[in-house]
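S.K.: Have a look at this one.
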Amino acid sequence: MERPRRQGMAKNTYMRWRLPLVCLLWEVAMIVLFGVFVRFGPEADAHWEEEKKQMNVTSDIENDFYFRYPSFQDVHVMIFVGFGFLMMFLKRYGFGAVGFNFLLAAFGIQWALLMQGWFHSFKTGKILIGVENLINADFCVGSVCVAFGAILGKTSPIQLLVMTLFQVTLFAVNEYILLNLLHVKDAGGSMTIHTFGAYFGLTVTRILYRPNLDQSKDKQGSVYHSDLFAMIGTLYLWMYWPSFNSAISEHGDAQHRAAINTYCSLAACVLTTMAFSSMLQKKGKLDMVHIQNATLAGGVAVGTSAEMMLTPYGSLIVGFICGIVSTVGYVYLTPVLESRLHIQDTCGIHNLHGMPGLIGGIVGAITAAAATEDVYGKEGFIKAFDFTGSYKTRTPSVQGGFQAAGIVVSLAMAFAGGALVGGILKLPIWGDPADETCFEDDIYWEV
Amino acid sequence: MERPRRQGMAKNTYMRWRLPLVCLLWEVAMIVLFGVFVRFGPEADAHWEEEKKQMNVTSDIENDFYFRYPSFQDVHVMIFVGFGFLMMFLKRYGFGAVGFNFLLAAFGIQWALLMQGWFHSFKTGKILIGVENLINADFCVGSVCVAFGAILGKTSPIQLLVMTLFQVTLFAVNEYILLNLLHVKDAGGSMTIHTFGAYFGLTVTRILYRPNLDQSKDKQGSVYHSDLFAMIGTLYLWMYWPSFNSAISEHGDAQHRAAINTYCSLAACVLTTMAFSSMLQKKGKLDMVHIQNATLAGGVAVGTSAEMMLTPYGSLIVGFICGIVSTVGYVYLTPVLESRLHIQDTCGIHNLHGMPGLIGGIVGAITAAAATEDVYGKEGFIKAFDFTGSYKTRTPSVQGGFQAAGIVVSLAMAFAGGALVGGILKLPIWGDPADETCFEDDIYWEV
Amino acid sequence: MERPRRQGMAKNTYMRWRLPLVCLLWEVAMIVLFGVFVRFGPEADAHWEEEKKQMNVTSDIENDFYFRYPSFQDVHVMIFVGFGFLMMFLKRYGFGAVGFNFLLAAFGIQWALLMQGWFHSFKTGKILIGVENLINADFCVGSVCVAFGAILGKTSPIQLLVMTLFQVTLFAVNEYILLNLLHVKDAGGSMTIHTFGAYFGLTVTRILYRPNLDQSKDKQGSVYHSDLFAMIGTLYLWMYWPSFNSAISEHGDAQHRAAINTYCSLAACVLTTMAFSSMLQKKGKLDMVHIQNATLAGGVAVGTSAEMMLTPYGSLIVGFICGIVSTVGYVYLTPVLESRLHIQDTCGIHNLHGMPGLIGGIVGAITAAAATEDVYGKEGFIKAFDFTGSYKTRTPSVQGGFQAAGIVVSLAMAFAGGALVGGILKLPIWGDPADETCFEDDIYWEV
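As you go down the protein sequences, you meet chains A, B and C in turn.
Each residue of the first sequence is one higher than the last, beginning at 1 in the UniProt record's numbering.
Each residue of the second sequence is one higher than the last, beginning at 1 in the UniProt record's numbering.
Each residue of the third sequence is one higher than the last, beginning at 1 in the UniProt record's numbering.
Here is the structure:
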């Protein structure tokens, strides 16, 4: 398997001391911070027996674990197998796709538990964690996996870890602004995960623009088997997306509804993706790139509204539109982004997460603005939007406005953060590959 | 990867306008019908808070979502990854196997939600859906996936969509006759899913008989890697089958029991499959075709009886027999079906779903007929067979008779429906491949 | 695919009558024994309706099925896909890896239901089974899968079945000694599954030592695609390990806590594995062997303590250490074990299960010894260690001592049992392959 290859002149991709140093130091930092801050939440602590009595809980089945653990595991599979295998389509980057995704996600979930914990689960000096925190940490890392798709094959593992560190931090800040300050709903993360993740990643890849990337053009395609591996990723993302969008919704009807809406949206999305994939090729043949990616846009686009009363046919409409938008994006927009805007988007995340994420934010804003007590029921209305406390008097149309503001904030954070992080990643110290050795496992892996 | 290839004379496999037209029109029809008919059921609707009070439900954990969602996700994986990857064994039809399965299932679940909804969940002019409907829609599509196995590689995606449209319709009618008119038990679908799906598919492939199919004989086999991909499908079907057979059983003991019985039957089936696979080959070597398929027959064959008091050893016996029947079928029956009856059964669904489905129906009839109040307990007996209302006086032996009638009805529907649909698919307008280009992704996919 | 090959002189690998005979006879034995002994437990029996009243259970959701079924399915996936695919890394042994694992596990779970049933669920002459028994049977087979890793590619399917028969028996005895006689905690099986399984397998492979195994050296490596398949196994093991370690813990906080601890340990383990994988190679490149295996050591090593108050940072520390120990083991220890001790460990189970299992036992002993009423709460303390009845007066430090004794007993059982079984497997009647045809599917499979 040895092939002679000319290394890029100025590129030093030797990882032997840099990568271990970063991994070990950061992991030690995690241990110290966890030691200082992280403890079990009441439902995972051995004091639960006493807690139960105080909270008047009669059965262990009321423990949040049983409401959310199955969804958590589905989300977990999406992050590690879903994203990892989806990115395996490149002919010689399978190890990097699944391996680096594994690395950044394993680090990211730890850092996310801390960052999100400080913002959301901080009580008397400690971060108290339970299964919902694990889901949220996976969600946060999901946005990093999205961004990874844009720079796949063009970065070193150290760059990915640096990006994860910063992106998780910014994610937590953005999430705090949206959920706590703007009081916005976004259970499936159309804004916080997909819009933010995608435009963050696109900004980073813009800054890391490689004018001579065509030197590794022969490795940018897929081969038959790599496409089949990628379909494993696609299907697990597609099948488990109902769990993703419902995982942290309120117990009961909200989780139930979010799963149904997502199921419907995704089903519709497959049909329009197939339709446009065939329609936009001269020979009328289907393109695996579209099937692997655009079929998922329907899940992204109901991320905000799935737990609302979007209704099954509303979900079908959203899925219908997003299959088209996403497929058209792959055919027409991605080449233009590269040639005109110098955005080299390896996986086409703009089509799968960027535009559908924006659509998701907008659909969420509209659905919220259209909410009525009639549709939700008096109690259901208050519960769905959490119109209690200082938000008691907020009206649906105001909520719609805030939802829209959430999109703008997420975009702003993505562009600013992506520019900052892109700049950092451009420093010539992280061991990124030369143009002619991009998309090639050989650089960082024993093959 | 370009190979010169002589296209069949009269065959026009150009999909560019036909496939998009069908996908888009049908999806629009789905949206309209969903808009008119489909709404959230009470447990997924935002009025749940009020519902809870009326139904005197004290905890959100009583929402059907928590009883069935984990099983739903397992079933979902079986339909999309299980069937999709199982059919990937052909050396050059991986895209078609997983991609067309994806397409037909995504359309089928929408149409099934409507068809089954009209029959089973229609209240005051609306179809009210919840997680159980999603499972049933997946089940219904499961029967289409079964039938797809018979015609795999020999049909265009449009033919598959047409078949799905009709088969889902007929499935819903058959299911209505069995469950509502005959008051038959069939939670895991030995009759409604497997027997119906298999003989429907076999009839279709009989009518689509291709005398010169040996022109693509070189592509009908597997290669090493395609067999490994297929094992992913096999294992997910095998592992999750306990969820399949228990997914829509009554809450509590019935779900629990169905999972245990299926687990036992499948375990026994693996051993007899291995035994006969080795025994029936001169060299005594194991054949991956048997391992991939016959090991699953035990799940099919307890589909009716798993929720009954079949008992663990009863399940072992069923699995024991079916591993043998199915493996013997692959070795001796499949070649005969092709040469004598002109039934070209690509995946051997007759061995995996046909015969085991029939056995499952029979085992179900016997198990029902043998039921006693002693074995089930007084209340359990009534609950297990729903001997309430107008069925209050039905005896086990009468129930056994009706169960047997269910097999006959399913077969009749399969043959009649299959003949009808086969005839429709024979029309020369659907873009099916020429004999020499069957089992080849190149026709419908950018490779 | 036909290649001329010289068969080992004295080796007769013809399976045609031997394998079917063993499979069929043993399966008949299972049926008879299940018929005599195995019945549904109260929560899976149709008498559940009456049981509910007696036990004052008001809702079906209190059925153990709903507490444990999602975890059961995750464990099931780990055994069949996790182990099966992890062992697929060999270039020409994919069928054997996944197929033989399938065979031995399918037999093993039946025999384990009986063996464990006699020890733990035997009431009035019957073994009463429920979902927890299914999990325990899978666990027991997990230890056989571990041992299989040491002899992968060098044994016939009959040898594997014979080993399974004996190992399951010994597992059940060892488990009984630990859990019932020593009253030791080991929910995730650091001792019972991993330590026992690993050292049992290593002893067996030592006795089956093949001095001329280098004759099949060219087949001992992996190829690009086989490594990608193996990553499927790795990831499913990694993702579902929190379910593994929590599957049979007490309802409520214990399950919740076990999942969190395992999640943390595994995350940390990935980073130190990556660090040392890069650091220990001259070129600083990552080695897929380490990523596939050592990343999982963190799950093994919290198997005993995950349900205790190990705390998240404690888990990180354990994962941190085990990633290092395991990776170092692959680089330095495995070659030495082979050259000096004649232990040919195909998958390096000593690094993934042996040492981390021992660490897990030790961590469990320390965590138990360090337990206080302050940390656990008065009731939680008693519940966590089941200090009731005759164990009412046991103190944490005594418990720690018994935990440590559990390690010693497991090791002793493993060495003695492995020696016995290795001796049996050495008999020249089981059809094992010649040295030059090891690691080759061709011997036992139609390729």
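Glycine included, each C-beta is placed from N, C-alpha and C at the ideal position.
1. I'd like to know if the stretch 326-345 of chain B and the stretch 384-404 of chain B are in contact, where contact means that at least 3 CB-CB pairs between them fall below 8 Å.
2. What runs of the alpha helix (DSSP H), each 4 residues or longer, lie entirely inside the stretch 252-332 of chain B?
3. Return the CA-CA distance between methionine 1 of chain A and phenylalanine 102 of chain C, expressed in angstroms with no decimal places.
4. Taking the straight line between their C-alpha atoms, what separation do you get for tryptophan 17 of chain A and isoleucine 109 of chain B?
5. Any C-beta of chain A sitting closer than 8 Å to the C-beta of glutamate 43 of chain C?
6. Going by beta carbon distance, what residues of the same chain come within less than 7 Å of arginine 5 of chain B, once the five residues before and after it are set aside?
7. Consider the Cβ of histidine 76 of chain B: report whether some Cβ of chain C lies at a distance smaller than 8 Å.
8. Measure from the C-beta of alanine 46 of chain A to each C-beta in chain E and report whether the shortest distance is under 8 Å.
9. For asparagine 56 of chain B, is the classification buried or exposed, using 16 other Cβ atoms within 10 angstroms of its Cβ as the cut-off for buried?
10. Could you give the C-beta distance for glycine 82 of chain A and glycine 303 of chain A, rounded to a whole number, given that I count them as a contact under 8 Å?
11. Below 8 Å, can you find three or more Cβ-Cβ pairs linking the stretch 314-323 of chain C to the stretch 261-269 of chain C?
12. Per DSSP, which residues does valine 38 of chain C bridge with? Please list them.
13. Closer than 8 Å is the cut-off here; do at least three beta carbon pairs connect the stretch 161-180 of chain C with the stretch 116-128 of chain C?
14. Using a Cβ cut-off of 9 Å, pull out every chain B residue sitting near threonine 367 of chain A, in sequence order please.
15. What residues in its chain sit with their C-beta under 6 Å from that of glutamine 259 of chain C, if we drop five residues either side in the sequence?
16. Okay, do the stretch 187-198 of chain C and the stretch 349-365 of chain C touch, 3+ Cβ pairs below 8 Å being the bar?
17. Grouping DSSP H, G and I as helix and E and B as strand, with all else coil, what is phenylalanine 387 of chain B?
18. Are the stretch 363-380 of chain B and the stretch 296-310 of chain B touching by the rule of at least three beta carbon pairs closer than 8 Å?
19. Between residue 448 of chain B and alanine 434 of chain B, what straight-line distance do the alpha-carbon atoms span, to the nearest angstrom?
20. When you compare only the Cα positions, how much space is there between threonine 164 of chain B and cysteine 23 of chain C?
21. Would you verify that the beta carbon of methionine 30 of chain A is, or is not, closer than 8 Å to some beta carbon of chain C?
22. Which stretch, first to last residue, makes up the alpha helix (DSSP H) that contains threonine 395 of chain B?
23. Helix, strand or coil: which one does DSSP assign to tryptophan 111 of chain C?
24. Does threonine 58 of chain B pass the burial test, meaning 16 or more other C-beta atoms within 10 Å, or should it be called exposed?
25. Terminal residues of the continuous alpha helix (DSSP H) containing arginine 206 of chain A?
26. Report all residues from its chain with a CB closer than 7 Å to the CB of glycine 284 of chain B; omit the five preceding and five following residues, and keep chain order.
27. In three-state terms, what does DSSP make of leucine 420 of chain B?
28. State buried or exposed for glutamate 43 of chain C, treating a residue as buried only when at least 16 other CB atoms are found within 10 Å of its CB.
29. Using three-state DSSP, classify leucine 182 of chain C as helix, strand or coil.
30. Using a beta-carbon distance below 8 Å, is alanine 297 of chain C in contact with chain A?
31. Quick one, which of B:Gly418, B:Phe439, B:Asp441 and B:Gly431 has its alpha-carbon nearest serine 156 of chain B's?
32. Using the three-state DSSP reduction, which class does tryptophan 445 of chain C fall into: helix, strand or coil?
33. How would you write the range of the alpha helix (DSSP H) that phenylalanine 89 of chain A sits in, first residue to last?
34. Less than 8 Å separating the beta-carbons of alanine 203 of chain B and alanine 414 of chain B?
35. Are the beta-carbon atoms of leucine 160 of chain C and phenylalanine 80 of chain C separated by less than 8 Å?
36. Which partner residues of phenylalanine 122 of chain B appear in the DSSP bridge assignment?
M.R.: On the basis of the data shown:
1. no
2. 253-279, 288-293, 297-301 and 312-328
3. Residue confidence is low: methionine 1 of chain A scores 39 on pLDDT, short of 50, so the model does not pin down where it sits. No coordinate-derived value is stated.
4. 53 Å
5. no
6. Residue confidence is low: arginine 5 of chain B scores 45 on pLDDT, short of 50, so the model does not pin down where it sits. Its coordinate-derived value is still stated next. Excluding sequence neighbours, arginine 5 of chain B sits near Thr437.
7. no
8. The structure shown contains no chain E; the protein chains it does contain are A, B and C.
9. exposed
10. With a Cβ gap of about 15 Å, glycine 82 of chain A and glycine 303 of chain A do not count as contacting.
11. yes
12. C:Ile127
13. yes
14. Neighbours of threonine 367 of chain A on chain B: none; closest Cβ ~12 Å, over 9 Å.
15. The sequence given here places alanine at residue 259 of chain C; glutamine does not occur at that position. Once the five neighbours on either side are set aside, the close Cβ partners of alanine 259 of chain C are Pro242 and Ser246.
16. yes
17. coil
18. yes
19. In this structure chain B extends from 1 to 447, so residue 448 of chain B is not present and cannot be described.
20. 40 Å
21. yes
22. Here threonine 395 of chain B belongs to no alpha helix (DSSP H), and DSSP marks it neither H nor E.
23. helix
24. exposed
25. 196-207
26. Ser278
27. helix
28. buried
29. coil
30. no
31. B:Gly431
32. strand
33. Taken as a continuous stretch (DSSP letters only), phenylalanine 89 of chain A belongs to no alpha helix (DSSP H), as it is neither H nor E.
34. This sequence places threonine at residue 203 of chain B; alanine is not what is there. Result yes, Cβ atoms of threonine 203 of chain B and alanine 414 of chain B sit closer than 8 Å.
35. no
36. B:Ile127
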